[in-house]
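Okay, structure first, notes after.
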Amino acid sequence: MYLTDPRPDATIARRDVAVPDALIAHRGAPLLAPENTIPAIRAAAAKGARWVEIDVKLTRDMQPVIIHDDRVDRTTNGTGFVGNMTLEEIRTLDAGAYFAPEFAGTKVPTLEELVETVLDLGINLQLELKPTPGDDIETAEVALALMKDLWPANHEGLFLASFSIRSIHAAARLMPNVPRAYAVVIPPKKPKALLEETQCQILHLQRDFLPEDSLKILADSGIEFAVATINEADVAQHFFDCGAQTILSDIPDLFAQKSA
């Protein structure tokens with residue numbers, strides 16, 4: 016199996032980008048294993064992913080865990096808010112049985128477990144700071160204090176992302192040398208100015224909110240931008256042709272082809 020790069024040559028040739036690859040595996044491989052879990056990260060790497068994206072939130076006792084939603088209901092057998100549960104309570108939950116019987120007993124990972132897995136697999140990481148509204152700064156401070164200890168200083172395969180401007184500003188203060196991506200829903204009229212204002216190097220956008228005129232503005236600005244979440248190769252190609260550097264996808268081998 017060989018991974019092809021569907022981006023235009025001019026995009027591939029850019030040297031001023033934080034993420035040099037075409038695809039980031041969104042929450043691991045959530046069509047193959049429970050999202051944001053260790054099996055999902057391993058499945059993504061097995062399919063050839065060089066980058067994975069995961070979400071980090073804080074428990075009530077200020078422990079960083081890997082989960083997307085404010086509540087545990089959708090991806091575990093529990094109910095309630097992550098921010099109202101201790102790490103011990105979170106770890107009693109089953110984060111795999113809802114997906115398939117063979118994943119029963121899968122745990123919500125800690126940030127430490129996740130990073131150890133990523134480094135062991137030799138892949139790169141997009142760490143999305145996903146605060147419960149109100150603990151934006153705390154989420155960044157706790158998670159990034161740990162990242163300083165876990166992530167090798169000479170390993171460049173890391174960037175930080177968030178929809179929260181407060182988390183982003185905290186990330187810029189705490190890990191100034193690590194690239195940052197600001198995630199938005201509505202595309203800005205002045206994307207370069209927005210990146211300068213937010214102290215970010217990358218803009219992340221949502222596919223459903225990207226009309227052609229906004230894509231042209233983004234392309235003309237010359238910034239690095241990525242689009243989520245794309246699971247169709249032809250749709251991905253359209254965004255690449257319109258200037259996107261990277262897409263996020265639930266399918267880690269979206270561009271894979273078998274050798275003849």
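Residue numbers (the working numbering): 16 to 275.
For glycine and all other residues, C-beta sits at the position ideal for the given N, C-alpha and C.
task = Please name the residue, chosen from N139, E143, G93, L136, that lies closest to G12 on a Cα-to-Cα basis.
result = The chain is shown only over 16 to 275; residue 12 falls outside these bounds and no answer can be derived.
**Q.** Buried/exposed call for F114, threshold 16 Cβ in 10 Å
**A.** Looking at its Cβ environment, which holds 16 or more other Cβ atoms inside 10 Å, F114 is buried.
Is L218 near L210, with beta carbons less than 8 Å apart? With respect to the 8 Å criterion, L218 and L210 are classified as neighbours on the basis of their beta carbons.
**Request:** Going by CA-CA distance only, name the one from Y197, L165, D164 that's closest to A176.
**Result:** Here the closest residue by C-alpha is Y197.
Subject >> Length of the line joining the Cα atoms of K204 and E131 >> reply: Those two C-alpha atoms are separated by around 39 Å.
- Should T90 be labelled buried (16 or more other beta-carbon atoms within 10 Å of its own) or exposed? Flag for T90 reads buried.
Rounded C-alpha distance that separates Q260 from V32:
Near 8 Å, if we compare the C-alpha coordinates of V32 and Q260.
*Taking three-plus beta-carbon pairs below 8 Å as touching, is the stretch 73-92 in contact with the stretch 132-139?*
Fewer than three Cβ pairs drawn from the stretch 73-92 and the stretch 132-139 lie within less than 8 Å of each other, which leaves the two stretches out of contact.
Specify, as a first and last residue, the run of the alpha helix (DSSP H) that K207 falls within. For K207, the enclosing alpha helix (DSSP H) begins and ends at 206-213.
*Simplified DSSP assignment, three categories, for H253*: Helix, per DSSP.
For D184, name the three-state secondary structure that DSSP assigns. For clarity, residue 184 is His in the given sequence; the question names Asp instead. H184: helix per DSSP, three-state reduction.
Exposed or buried, what is V200 when buried is set at 16 or more other beta-carbons lying within 10 Å of its beta-carbon? Looking at its Cβ environment, which holds fewer than 16 other Cβ atoms inside 10 Å, V200 is exposed.
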